[in-house]
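> As they're listed, the protein sequences go chains A, B, C, D, E and F. Residue numbering for the first sequence follows my numbering, beginning at 1 and increasing consecutively. Residue numbering for the second sequence follows my numbering, beginning at 63 and increasing consecutively. Residue numbering for the third sequence follows my numbering, beginning at 125 and increasing consecutively. Residue numbering for the fourth sequence follows my numbering, beginning at 187 and increasing consecutively. Residue numbering for the fifth sequence follows my numbering, beginning at 249 and increasing consecutively. Residue numbering for the sixth sequence follows my numbering, beginning at 311 and increasing consecutively. First the structure, then my questions, so here it is.
Number of protein chains: 6
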Amino acid sequence: MPIVQIDMLEGRSLEQKRALVEKVTDAITESVNCPKEAVTIIIREMATQNLGKAGKLKVDQK
Amino acid sequence: MPIVQIDMLEGRSLEQKRALVEKVTDAITESVNCPKEAVTIIIREMATQNLGKAGKLKVDQK
Amino acid sequence: MPIVQIDMLEGRSLEQKRALVEKVTDAITESVNCPKEAVTIIIREMATQNLGKAGKLKVDQK
Amino acid sequence: MPIVQIDMLEGRSLEQKRALVEKVTDAITESVNCPKEAVTIIIREMATQNLGKAGKLKVDQK
Amino acid sequence: MPIVQIDMLEGRSLEQKRALVEKVTDAITESVNCPKEAVTIIIREMATQNLGKAGKLKVDQK
Amino acid sequence: MPIVQIDMLEGRSLEQKRALVEKVTDAITESVNCPKEAVTIIIREMATQNLGKAGKLKVDQK
């Protein structure tokens with residue numbers, strides 16, 4: 001019963017999310033031997049002012 | 063000091079969230095023996111395009 | 125499809141966890157109107173040296 | 187490679203988030219001995235109707 | 249900079265985790281268009297007494 | 311009421327965790343203007359076989 005949480009920057013299309021959920025589910029079922037039905041994926045989207053890396057907000061990086 | 067994170071689909075009313083926080087807090091204090099004041103609950107709401115189950119987005123399921 | 129993560133100090137018995145999962149699931153189904161089968165609960169246990177409150181580790185508090 | 191998730195009430199300014207990411211990153215590199223580049227921070231903002239404490243929603247507390 | 253958290257039951261081999269990280273990373277880079285280097289994956293393992301489904305602990309299900 | 315979750319590799323001493331909690335709490339109270347008592351920090355430690363970066367487990371990187 002893998003539960004997957006994916007945090008990423010906002011701005012991905014519905015098409016990209018559809019591919020993401022399909023491919024990540026396949027990747028998990030192939031590697032840890034569980035049925036597709038057991039995989040739940042939560043996508044969380046962040047604004048660039050809510051992600052920090054190396055002490056700086058993403059919105060301030062170029 | 064239980065800290066509870068609840069991820070669920072968006073669309074619940076304020077009344078439902080009020081009941082959720084009251085009842086879940088009671089459920090925890092009764093079962094693990096801690097004071098009400100020690101329980102913190104974070105509710106996170108997802109759009110149907112941000113939840114995947116069995117390789118498909120919720121928004122694409124019927 | 126509520127997914128619940130509960131972080132709490134280690135040391136609860138199997139009996140307490142059994143009650144926790146049963147009661148929290150009931151609390152959720154009653155308040156947000158979803159079937160029991162849709163509720164998943166992850167319990168995470170912490171050592172007292174891995175919880176901080178008000179700037180101090182729990183293990184250092186009396 | 188510390189990964190930090192900070193859940194807090196919404197309403198902080200960009201200036202406050204900038205300070206938060208800078209200072210928390212410094213606090214981590216000083217205490218656990220890792221380079222600044224290794225620290226990632228995710229800020230998650232909650233509405234007052236999505237935070238519960240002691241069985242009550244924040245929005246209902248005075 | 250996708251950050252992925254995977255919660256699953258304990259008991260997977262090193263070989264399975266190696267495959268999991270490789271395949272999930274590929275799945276993400278292919279679907280949301282980001283470099284491999286940007287993907288971080290945290291695996292969290294649970295005992296069967298720390299997972300609840302439909303009101304019952306996994307350890308109590310057959 | 312900031313709630314902070316810090317995921318990092320295992321192996322830090324009690325002394326380092328003590329410093330981490332003290333300094334991160336100060337960093338937060340200074341930047342987002344809240345009392346020390348409102349800050350909760352959860353430290354989660356990972357084995358090197360449970361962290362993946364760029365498609366490889368940490369345990370396999372040199």
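Beta carbons: idealized from backbone N, C-alpha and C, even for Gly.
Report the residue from E:K265, E:L257, E:D308 and E:P283 whose alpha carbon sits nearest the alpha carbon of T358 (chain F).
Position 48 of the sixth sequence, counted from the start, is the residue given in the question as residue 358 (chain F). T358 (chain F) has its Cα closest to that of E:K265, out of E:K265, E:L257, E:D308 and E:P283.
> If the cut-off is 9 Å on Cβ atoms, which residues from the stretch 257-291 of chain E count as contacting chain F, listed in chain order?
L262, K265, R266, L268, V269, E270, K271, V272, T273, D274, T277, P283, K284, E285, A286, V287, T288, I289, I290 and I291
> Give the secondary structure of E146 (chain C) by DSSP, where H, G and I count as helix, E and B as strand, and everything else as coil.
Walking along the third sequence from the start, residue 146 (chain C) turns up at place 22. Look at E146 (chain C) here: in three-state DSSP terms it is helix.
> When we look at the beta-carbon of D317 (chain F) and count the other beta-carbons within 10 Å, is it buried (16 or more) or exposed?
The residue labelled residue 317 (chain F) in the question sits at position 7 within the sixth sequence. Buried is the call here.
> Is there a Cβ from chain F that is less than 8 Å from the Cβ of Q173 (chain C)?
Here residue 173 (chain C) corresponds to residue number 49 of the third sequence, with the count starting at 1. At least one beta carbon of chain F lies nearer than 8 Å to the beta carbon of Q173 (chain C).
> Which word fits N298 (chain E), buried or exposed, when buried means at least 16 other C-beta atoms lie within 10 angstroms of its C-beta?
One-based indexing of the fifth sequence puts residue 298 (chain E) at position 50. By the Cβ neighbour-count rule, N298 (chain E) is buried, with 16 or more other Cβ atoms within 10 Å of its own.
> Which term fits G114 (chain B), buried or exposed, when burial requires 16 or more other beta carbons within 10 angstroms of its beta carbon?
Reading the second sequence from its first residue, position 52 is the one you call residue 114 (chain B). G114 (chain B) should be labelled buried.
> Checking contacts by CB at 8 Å: is I3 (chain A) closer than that to chain C?
Mapped onto the first sequence, residue 3 (chain A) falls at position 3. Under the Cβ criterion of 8 Å, I3 (chain A) is counted among the residues facing chain C.
> Reducing DSSP to helix, strand and coil, say where V163 (chain C) ends up.
Taking the third sequence and counting its residues from 1, one reaches residue 163 (chain C) at position 39. Coil.
> From this set, F:D370, F:C344, F:E320 and F:T350, which residue's C-alpha is nearest G179 (chain C)'s C-alpha?
The sequence position of residue 179 (chain C) within the third sequence is 55, counting from 1. That would be F:T350, whose Cα lies nearest to the Cα of G179 (chain C).
> Please list the terminal residues of the continuous beta strand (DSSP E) segment that includes Q5 (chain A).
As a first step, residue 5 (chain A) is located in the first sequence; it is residue number 5 there, counting from the start. Counting along the chain, the beta strand (DSSP E) containing Q5 (chain A) begins and ends at I3 to L9.
> Taking 8 Å as the cut-off, decide whether the C-beta atoms of V218 (chain D) and R322 (chain F) are in contact.
Counted from its first residue, the fourth sequence places residue 218 (chain D) at position 32. Counted from its first residue, the sixth sequence places residue 322 (chain F) at position 12. Contact: yes.
> Under the rule that 16 or more other beta-carbon atoms within 10 Å means buried, what is E72 (chain B), buried or exposed?
Translated into the one-based positions of the second sequence, residue 72 (chain B) becomes position 10. Result: exposed.
> Which same chain residues, not among the five before or five after D231 (chain D), have their C-beta less than 6 Å away from its C-beta?
Sequence index remark: in the fourth sequence, residue 231 (chain D) carries index 45 (1-based). Note that residue 231 (chain D) is Glu in the sequence shown, not Asp. Closer than 6 Å at Cβ, skipping near neighbours: E196.
> Quick check on the burial criterion: 16 or more other C-beta atoms within 10 angstroms. Buried or exposed for E22 (chain A)?
As a first step, residue 22 (chain A) must be located in the first sequence, where it is residue number 22. It counts as buried.
> Could you check how far apart the C-beta atoms of A275 (chain E) and D26 (chain A) are, in whole angstroms? I think they sit under 8 Å.
Here residue 275 (chain E) refers to the residue found at position 27 when the fifth sequence is read from its first residue. Here residue 26 (chain A) refers to the residue found at position 26 when the first sequence is read from its first residue. The pair is a contact, with the Cβ atoms about 7 Å apart (cut-off 8 Å).
> L138 (chain C): buried (16+ other C-beta within 10 angstroms of its C-beta) or exposed?
Taking the third sequence and counting its residues from 1, one reaches residue 138 (chain C) at position 14. Exposed: under 16 other Cβ atoms inside 10 Å.
> If you compare alpha carbons, which of D:I228, D:A224 and D:L243 is closest to L57 (chain A)?
Here residue 57 (chain A) refers to the residue found at position 57 when the first sequence is read from its first residue. Closest option to L57 (chain A), Cα to Cα, is D:I228.
> Would you give the residue range spanned by the beta strand (DSSP E) that G52 (chain A) belongs to?
Here residue 52 (chain A) is taken as the residue at index 52 of the first sequence, counted from 1. Looking at the DSSP string, the run of the beta strand (DSSP E) that includes G52 (chain A) is L51 to K53.
> Quick check: what's the CA-CA separation for A38 (chain A) versus K248 (chain D)?
Counting from 1 along the first sequence, the entry for residue 38 (chain A) is found at position 38. Counting from 1 along the fourth sequence, the entry for residue 248 (chain D) is found at position 62. Between the C-alpha atoms of A38 (chain A) and K248 (chain D) there is a straight-line separation of about 42 Å.
> I want to see whether chain F comes within less than 8 Å of K242 (chain D), judged by CB atoms only; does it?
Within the fourth sequence, numbered from 1, the residue matching residue 242 (chain D) stands at position 56. K242 (chain D) does not count as touching chain F.
> Would you report the Cα separation of T339 (chain F) and P64 (chain B), rounded to the nearest angstrom?
Reading the sixth sequence from its first residue, position 29 is the one you call residue 339 (chain F). Reading the second sequence from its first residue, position 2 is the one you call residue 64 (chain B). T339 (chain F) and P64 (chain B): Cα-Cα distance of roughly 22 Å.
> Please list, in chain order, the chain A residues whose beta carbon lies closer than 7 Å to that of K115 (chain B).
The count along the second sequence starts at 1 and reaches residue 115 (chain B) at position 53. Neighbours of K115 (chain B) on chain A, chain order: T40.
> Roughly how many angstroms lie between the CA atoms of V24 (chain A) and L268 (chain E), to the nearest whole one?
Taking the first sequence and counting its residues from 1, one reaches residue 24 (chain A) at position 24. Taking the fifth sequence and counting its residues from 1, one reaches residue 268 (chain E) at position 20. Cα to Cα, V24 (chain A) sits roughly 10 Å from L268 (chain E).
> Which same chain residues, not among the five before or five after C34 (chain A), have their C-beta less than 8 Å away from its C-beta?
For the purposes of this step, residue 34 (chain A) is taken as the residue at position 34 of the first sequence. M1, P2 and I28, listed in sequence order.
> So with Cβ pairs under 8 Å, would you call D60 (chain A) a contact of chain E?
On the first sequence, position 60 is the one that residue 60 (chain A) refers to. So no, D60 (chain A) is outside the interface.
> Tell me the DSSP bridge mates of R44 (chain A)?
Counting from one through the first sequence, the residue named residue 44 (chain A) turns up at place 44. Under DSSP, R44 (chain A) shares a beta bridge with A:D7.
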